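S.K.: According to UniProt numbering, the stretch in the sequence shown is residues 1 to 302, in order.
Idealized CB from N, CA, C, for every residue including glycine.
Keep in mind the model is a prediction, meaning the values are calculated, not measured.
This is the structure I have questions about; it appears just below.
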Amino acid sequence: MTICGSLPTPSVRIGEGQEDSGGPPAIVGAGTSHSLGSLHISGDSLPDFRWSHTARLIEDSTKSRSAGTEGLLSVAGNDFPPQIWDWDDTILPSTFLADGKSDSTSLDDSLMSLQETVVKVLSRAIVLAGPYVFILTSSSPGWVHESCQLYLPQVVPLLAKVTILHSKEYCRELSVISRKFRRLYFSEDKGLKSTKLATVLSIMPTLKPMPRRVVLIGDQYEDVAIAQALRQGGVEARTCLFAAAPTPNELRRELQWLLNGKTLDRLLVDDALPQSDFTLKRNRPARPSGAIQRTTGSVLCR
Numbered sequence: 001m002t003i004c005g006s007l008p009t010p011s012v013r014i015g016e017g018q019e020d021s022g023g024p025p026a027i028v029g030a031g032t033s034h035s036l037g038s039l040h041i042s043g044d045s046l047p048d049f050r051w052s053h054t055a056r057l058i059e060d061s062t063k064s065r066s067a068g069t070e071g072l073l074s075v076a077g078n079d080f081p082p083q084i085w086d087w088d089d090t091i092l093p094s095t096f097l098a099d100g101k102s103d104s105t106s107l108d109d110s111l112m113s114l115q116e117t118v119v120k121v122l123s124r125a126i127v128l129a130g131p132y133v134f135i136l137t138s139s140s141p142g143w144v145h146e147s148c149q150l151y152l153p154q155v156v157p158l159l160a161k162v163t164i165l166h167s168k169e170y171c172r173e174l175s176v177i178s179r180k181f182r183r184l185y186f187s188e189d190k191g192l193k194s195t196k197l198a199t200v201l202s203i204m205p206t207l208k209p210m211p212r213r214v215v216l217i218g219d220q221y222e223d224v225a226i227a228q229a230l231r232q233g234g235v236e237a238r239t240c241l242f243a244a245a246p247t248p249n250e251l252r253r254e255l256q257w258l259l260n261g262k263t264l265d266r267l268l269v270d271d272a273l274p275q276s277d278f279t280l281k282r283n284r285p286a287r288p289s290g291a292i293q294r295t296t297g298s299v300l301c302r
């Protein structure tokens with residue numbers, strides 16, 4: 001079953017010059033009532049998946065993480081709010097690279113600038129979320145490492161500090177070893193036809209302690225629609241929906257927005273944040289440099 005419906009996400013619009021202004025776009029309070037159309041998952045019916053190999057995956061991944069975060073603001077105690085990131089067009093501008101529309105010199109320059117920002121954002125994410133930074137992708141196993149090595153080589157060491165989940169392969173393996181998952185996943189009335197949603201619902205119970213807040217960042221509706229199921233299960237979910245198919249420079253500005261004014265920090269740890277969902281929008285037609293256009297909550301990246 002395809003997830004349908006829409007998230008009425010408030011937005012914030014920014015112009016070309018705002019990324020270096022020292023602060024995030026104004027955050028405007030808004031309601032957080034959401035609908036996922038035909039997808040209905042109540043908190044009581046969320047699958048209680050506690051498969052040992054899932055726990056081992058997370059445990060093995062955390063063992064390789066460095067502890068070099070002294071002197072940096074982090075989350076107190078063990079209450080790490082998980083971050084779930086998409087990869088393609090959220091960290092790597094895969095669609096743009098596949099189109100091959102840029103000459104090699106300008107592409108190298110823009111990827112270098114993007115790479116610097118990705119390193120900063122992921123490093124900050126790891127500080128804030130400890131062992132619970134996930135890259136969730138529907139791509140084939142190995143793609144994240146291979147594409148990172150090719151286009152963002154300085155980011156490769158950070159991949160050892162996050163947990164990479166290939167949702168299609170993950171669900172295929174779970175359906176083989178778990179009759180419960182197989183029955184749930186292939187049952188039409190359960191609505192778990194999104195491999196990303198099924199993967200997140202299977203992993204959440206393995207996180208100890210059970211997180212009270214999760215942040216989801218991606219460029220497709222599927223990446224943030226998971227929030228509805230988590231909310232119905234009693235977990236606070238905050239989302240950031242990037243614009244689809246960005247250029248390297250557009251993606252850099254989107255990621256920079258998370259750093260400006262400690263926006264990523266606030267998404268993770270600010271209990272008083274007045275809104276839960278952000279949609280970043282782009283306006284490619286030429287506009288005067290530095291022009292800023294705002295609506296209630298959409299980030300405009302030229």
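So Ile-84 packs on Leu-201, CB below 8 Å; how close in whole Å?
M.R.: At roughly 12 Å, the Cβ-Cβ gap does not stay under 8 Å, so Ile-84 and Leu-201 are not in contact.
S.K.: Residues in the same chain with beta-carbon distance under 6 Å from Thr-117, minus the five sequence neighbours each way, listed in chain order, please.
M.R.: Arg-252, Leu-255 and Gln-256.
S.K.: Helix, strand or coil: how does DSSP classify Trp-257 here?
M.R.: Note: Trp-257 maps to helix in three-state DSSP.
S.K.: What does Ala-237 pair with, by DSSP beta-bridge criteria?
M.R.: Per DSSP, Val-214.
S.K.: Enumerated in chain order, which unbroken segments of the beta strand (DSSP E) with a length of 3 residues or greater are wholly contained in the stretch 108–183?
M.R.: List check, beta strand (DSSP E) in window: 133–137 and 163–166.
S.K.: Can Arg-213 and Glu-250 be called in contact, C-beta distance under 8 Å?
M.R.: Contact: no.
S.K.: Of the choices Ala-243, Ser-140, Ala-244 and Tyr-151, whose alpha-carbon is the least far from that of Asp-108?
M.R.: Comparing Cα-Cα distances from Asp-108 to each of Ala-243, Ser-140, Ala-244 and Tyr-151, the minimum goes to Tyr-151.
S.K.: Going along the chain, which residues of its own chain have a beta-carbon closer than 6 Å to the beta-carbon of Phe-242, five neighbours each way excluded?
M.R.: Thr-90, Asp-219, Glu-254 and Leu-280.
S.K.: With distance defined between alpha-carbon atoms, name the residue in Leu-258, Pro-274 and Leu-197 nearest to Ala-229.
M.R.: Minimum Cα distance to Ala-229 is reached at Leu-197.
S.K.: Leaving out five residues before and five after Phe-80 in sequence, what residues of the same chain have Cβ atoms less than 6 Å from its Cβ?
M.R.: Cβ neighbours of Phe-80 beyond the five flanking positions: Ala-129, Gly-130 and Tyr-132.
S.K.: For Phe-96, which residues in the same chain have their Cβ closer than 6 Å to its Cβ, ignoring the five residues on either side in sequence?
M.R.: Correct list, in chain order: Thr-247.
S.K.: According to DSSP, is Phe-278 part of a helix, a strand, or is it coil?
M.R.: Reduced to three states, the DSSP call for Phe-278 is strand.
S.K.: Between which two residues does the alpha helix (DSSP H) harbouring Ile-203 extend?
M.R.: Unbroken alpha helix (DSSP H) run through Ile-203: 195–203.
S.K.: Tell me, to the nearest whole angstrom, how far the beta carbon of Trp-87 is from that of Ile-135; I am working on the premise that it is less than 8 Å.
M.R.: Indeed, because the Cβ distance is near 5 Å, the residues count as touching under 8 Å.
S.K.: How big is the Cα-Cα spacing for Leu-114 and Thr-105?
M.R.: About 14 Å.
S.K.: Have a look at Leu-258 and Cys-240 and give me their C-alpha separation to the nearest angstrom.
M.R.: Using only the alpha carbons, I get a separation of about 9 Å.
S.K.: Tell me whether the beta-carbon of Pro-141 lies closer than 8 Å to the beta-carbon of Glu-173.
M.R.: Against a cut-off of 8 Å, the Cβ pair of Glu-173 and Pro-141 comes out as no contact.
S.K.: For Asp-270, name the three-state secondary structure that DSSP assigns.
M.R.: Here Asp-270 sits in coil by DSSP.
S.K.: Pick helix, strand or coil for Ile-84, following the three-state DSSP scheme.
M.R.: Of the three classes helix, strand and coil, the one that applies to Ile-84 here is strand, per DSSP.
S.K.: I think Arg-238 touches Ser-276, with their Cβ atoms under 8 Å apart; what is that distance to the nearest whole Å?
M.R.: The pair is a contact, with the Cβ atoms about 5 Å apart (cut-off 8 Å).
S.K.: State the start and end residues of the unbroken alpha helix (DSSP H) segment that holds Asp-99.
M.R.: It spans 94–99 - the alpha helix (DSSP H) in which Asp-99 sits, taken as one unbroken run.
S.K.: Please classify Gly-234 as buried or exposed, where buried requires at least 16 other C-beta atoms within 10 Å of its C-beta.
M.R.: So Gly-234 ends up on the exposed side.
S.K.: Where do the N-terminal and C-terminal ends of the alpha helix (DSSP H) with Asp-223 fall, by residue?
M.R.: Where Asp-223 is concerned, the enclosing alpha helix (DSSP H) stretches over 221–232.
S.K.: With H, G and I counted as helix, E and B as strand and the rest as coil, what does DSSP make of Asn-249?
M.R.: Asn-249 falls in the helix class under three-state DSSP.
S.K.: Kindly indicate which three-state DSSP category Asn-283 falls into: helix, strand or coil?
M.R.: Asn-283 falls in the coil class under three-state DSSP.
S.K.: Quick one: what does DSSP say Pro-10 is sitting in, helix, strand or coil?
M.R.: Note that Pro-10 has pLDDT 42, beneath the 50 cutoff, so the model's placement of it is unreliable and no number is given.
S.K.: Are the Cβ atoms of Leu-165 and Thr-199 separated by less than 8 Å?
M.R.: Going by C-beta atoms, Leu-165 is nearer than 8 Å to Thr-199.
S.K.: Assuming Leu-273 and Leu-267 make a contact with CB atoms under 8 Å, what is their CB distance in whole Å?
M.R.: That belief holds up - the Cβ atoms of Leu-273 and Leu-267 are roughly 7 Å apart, short of 8 Å.
S.K.: Could you tell me the alpha carbon to alpha carbon distance between Leu-100 and Val-269, rounded to whole angstroms?
M.R.: The question names Leu, but residue 100 is Gly in the sequence shown. Roughly 39 Å between the two C-alpha positions.
S.K.: Measuring straight from C-alpha to C-alpha, what distance separates Lys-208 and Ser-102?
M.R.: In a straight line, the C-alpha of Lys-208 is about 45 Å away from that of Ser-102.
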